[in-house]
Structures are given as structure tokens and as C-alpha cells.
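The structure under discussion appears below in the form of C-alpha cells.
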Amino acid sequence: MLTGDRPAVPRELRRKRRGRRAGAKLRARRRRYRPVLPSITMGNVRSLPNKMDKIAALTRHERQYRESSILVFTETWLTELTPDTNATLDGFHLLRAERTRESAFS
Numbered sequence: 006m007l008t009g010d011r012p013a014v015p016r017e018l019r020r021k022r023r024g025r026r027a028g029a030k031l032r033a034r035r036r037r038y039r040p041v042l043p044s045i046t047m048g049n050v051r052s053l054p055n056k057m058d059k060i061a062a063l064t065r066h067e068r069q070y071r072e073s074s075i076l077v078f079t080e081t082w083l084t085e086l087t088p089d090t091n092a093t094l095d096g097f098h099l100l101r102a103e104r105t106r107e108s109a110f111s
């Protein structure tokens, strides 16, 4: 080997230059969070209608809420007269189970 000559290193053994710093961290941040088990977020809201704006904002901006499989709310204080549109969130399906007079504790 003469001076100035480079050794013949196979392509797969050469050091890979990524072209940007923290490439692995950036890819991990961009990758969507996919847990193995479904994630459930539960909250005791005590009157859901006046908190719908805050909950809608959380599901839009907070990763924990946005990527939850199930959102469960207790003590919503909804009645049969409350329309479903007052408790609907984009990207989620609404299931309601209000207490009736017969099912309430006495």
C-alpha cells in the first residue's frame, strides 16, 4: 500500500454518515405511539358539559389523551334530556349509561 492510497473497505463496513444530528431521536419523536395494550384514560369530571372545551383541547394537543383507546368519564351529571352532541369528541365514539331513578342508590 502506497501513501495516499485508501484501503479497500467493503461498502457495508464503512461508517455511515447520517447527515443530521440526533436522527434516531427525531425519528422516534415523529413515529406514532403504538402501545401493545389499549390505553385507557379515566377521569371523574363532576359535570361533563362545562368541561367539554377543555377535554376537546386535551384530545387535540396532549399525546396521552389523543392516542388513548378509551376515555372513561364518571360523574358526568348528564341526564336523558342532554343531547349526545353536547358530549361528543372528534375521533371517539360515544357510549352513555346514565342512572335512572330505578338504578340510583337510595
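Going by this note's numbering, the sequence shown opens with residue 6, and the numbers climb by one from there.
Positions of the beta carbon are idealized from the N, C-alpha and C atoms, including for glycine.
N- and C-terminal bounds of the beta strand (DSSP E) containing residue i
i	result
residue 79	75-79
residue 84	No beta strand (DSSP E) contains residue 84, which DSSP labels as neither H nor E.
residue 64	Unbroken run through residue 64 is the alpha helix (DSSP H), 57-66; no beta strand (DSSP E).
Residue from the options with nearest C-alpha to residue i
i	options	result
residue 52	84, 94, 16, 10	84
residue 95	87, 70, 108	70
residue 87	11, 104, 75, 76	104
residue 60	78, 45, 43	78
residue 90	30, 54, 21	54
Per-residue burial, residue i [other beta carbons within 10 Å of its own, 16 or more giving buried]
i	result
residue 73	buried
residue 64	buried
Opposing strand residues paired with residue i [DSSP bridges]
i	result
residue 96	Residue 96 pairs with nothing; no bridge assigned.
residue 48	78
Assumed close pair residue i, residue j - CB separation to whole angstroms, cut-off 8 angstroms
i	j	result
residue 41	residue 80	Incorrect: roughly 31 angstroms between the Cβ atoms, too far for contact.
residue 99	residue 92	6 angstroms
Alpha helix (DSSP H) segment containing residue i, residue limits
i	result
residue 35	28-35
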